[in-house]
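I have placed the structure first, in the form of C-alpha cells, so that the comments after it can refer back to it.
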Amino acid sequence: MFENLSERLGGVFDRLTKQGSLSEEDVKTALREVRVALLEADVSLPVARNFIKAVEKKATGAAVTKSVTPGQQVVKIVHDELVSVLTGDEDPGKLKIDNPPAPILMVGLQGSGKTTTTAKLAKRLKERDGKRVLMASLDTNRPAAMEQLAILGSQIGVDTLPIVKGEDAVAIAKRAKTQASLGGYDVYMLDTAGRLHIDQELIAQAAAVRDVANPRETLLVVDGLTGQDAVNVAEEFDDKIGVSGVVLTRMDGDGRGGAALSMRAVTGKPIRFVGLGEKMDAIEEFHAERIAGRILG
Ligand code: GDP
C-alpha cells in the first residue's frame, strides 16, 4: 500500500537528509514536491494544502538541533503531521459491545468488501475477545450475498441467522435481535444491502434497519483503492445514516493512499480497521504511526 506516495516522498527526503543545511527555499521546494505527491495519491486539495501549511509553519519555526540534519528534521515534522492528520480514535480496534447482545451495523457500497469485512470482524471478536457472534445478511435483493455470508460463517465457525425467503431487511434485523437475545450471543452483526451507487433505496433501508436495531457501532466499509471517491461515499453515508467509524479495505493493493489521509480530515470519522487481503485474518486495527511510517517508506 502507498507505494506511489512512499516512493515519491522517499525521493524527496533522500535528497533532503543528505544535505547538511537547509535553506528556506529548500524547504519550500521539498514541500512543493510533497504536495504533488499527496495530490497524486488522491488526497483532496484542501487537505493537502492544510497539511503543507502546517508542516511549513513548524519547519520554519523549528529550532535546529545538533543531532539531526535539517533535512531529517523536516522528515520528522512531516511524519508527525501525518500521524496527527491520520489519528482519529484512541483505541480504534475496540468495538463498543457492552450490554449483550450488542448490534453492529455494517454499511457500504456493493463490492466494497462489506460481507468479507463482517466475517473478518466476527472472527476477530470470537478469537481475540472470546465473544459469541451472530451474523445476519439483510441483502434481500441478492440471494448470493446472503449465501456468501453463510459460507463465510461456516468457514470461520460463526453462526449466521437462517435465511427465510420473502422477509424484508427490517424483519430480518428484528429476528436477528430476538435470536441474539434468546441464543445468548454477545454481538450480532447486520450486513446491510449494498448497491453500486448510493441511492434512495439503499439509504432508506439502512436507516430503517438502524432505527430498529439501534446499533452500538455503525461501521462503513469503503474500498481504499477508490481514493477521493471513498471519502465522498463516507461523507454521504455519515450525513444520511451516521457512522461511528470507517473500515478501509484493499489496503494491500498498490493503490493510492489518499483515502486514508483525507478520510479523517474531511469526514471527521476515524478509520477503525484496514483490510489487507481476501483471507479471513487479513484485517488490522488502524494505526496512525504504522500508516505514517509506510507512507514515508
Ligand atoms: P461486498 O459486496 O461489499 O459485500 O463485497 P465482498 O465482501 O463480497 O468483497 C468483494 C471482493 O473483494 C471479494 O472478492 C473479497 O474477497 C475482496 N476483498 C474484500 N476485502 C478485501 C481486502 O481488504 N483486500 C483484498 N485484496 N480484497 C478484498
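For the sequence shown, full-length UniProt numbering begins at 1 and goes up steadily by one. Yeah, the Cβ is synthetic: ideal placement off N, Cα and C, and Gly gets one too.
Close beta carbons around residue i, own chain, < 6 Å, minus the five adjacent residues each side
i	result
Phe13	Val75
Asp42	Gly227, Gln228, Arg256, Gly258
Residue i beta carbon near the ligand GDP (any heavy atom closer than 7 Å)
i	result
Lys123	no
Ala213	no
Gln179	no
Glu278	yes
Ala230	no
Ser112	yes
residue 313	Outside the displayed range of the chain (1 to 297) lies residue 313, so it cannot be described from this structure.
Asp42	no
Arg272	no
Ala145	yes
Proximity of residue i and residue j at Cβ, strictly below 8 Å
i	j	result
Glu284	Gly245	no
Gly224	Thr249	yes
Val231	Val266	yes
Leu105	Ala171	no
Leu109	Leu196	yes
Ser112	Val222	yes
Ser86	Ile291	In the sequence on display, residue 86 carries Leu and not Ser. Yes, these two residues count as a Cβ contact at 8 Å.
Host beta strand (DSSP E) of residue i (start-end)
i	result
Pro103	102-108
Ile241	From DSSP, Ile241 is part of no beta strand (DSSP E); its letter is neither H nor E.
Leu190	187-191
Chain-order list of residues whose beta-carbon lies under 8 Å from that of residue i (same chain, five-residue window excluded)
i	result
Glu289	Val83
Ile77	Val55, Lys58, Ala59, Ala62
Glu167	Thr140, Arg175
Run of the alpha helix (DSSP H) containing residue i, from where it starts to where it stops
i	result
Gly245	Per DSSP, Gly245 belongs to no alpha helix (DSSP H); it is in the beta strand (DSSP E), 245-249.
Arg216	It is not in any alpha helix (DSSP H) - Arg216 carries neither H nor E in the DSSP assignment.
Glu33	24-40
Leu125	114-129
Thr267	258-267
DSSP bridge partner residues for residue i (one or two, in chain order)
i	result
Gly275	Ile283
Ser137	Asp191
Val221	Gly108, Val247
Asp98	DSSP lists no partner for Asp98.
Cβ neighbours of residue i in the same chain (closer than 7 Å, five flanking residues each side left out)
i	result
Met146	Ser137, Asp139, Ile163
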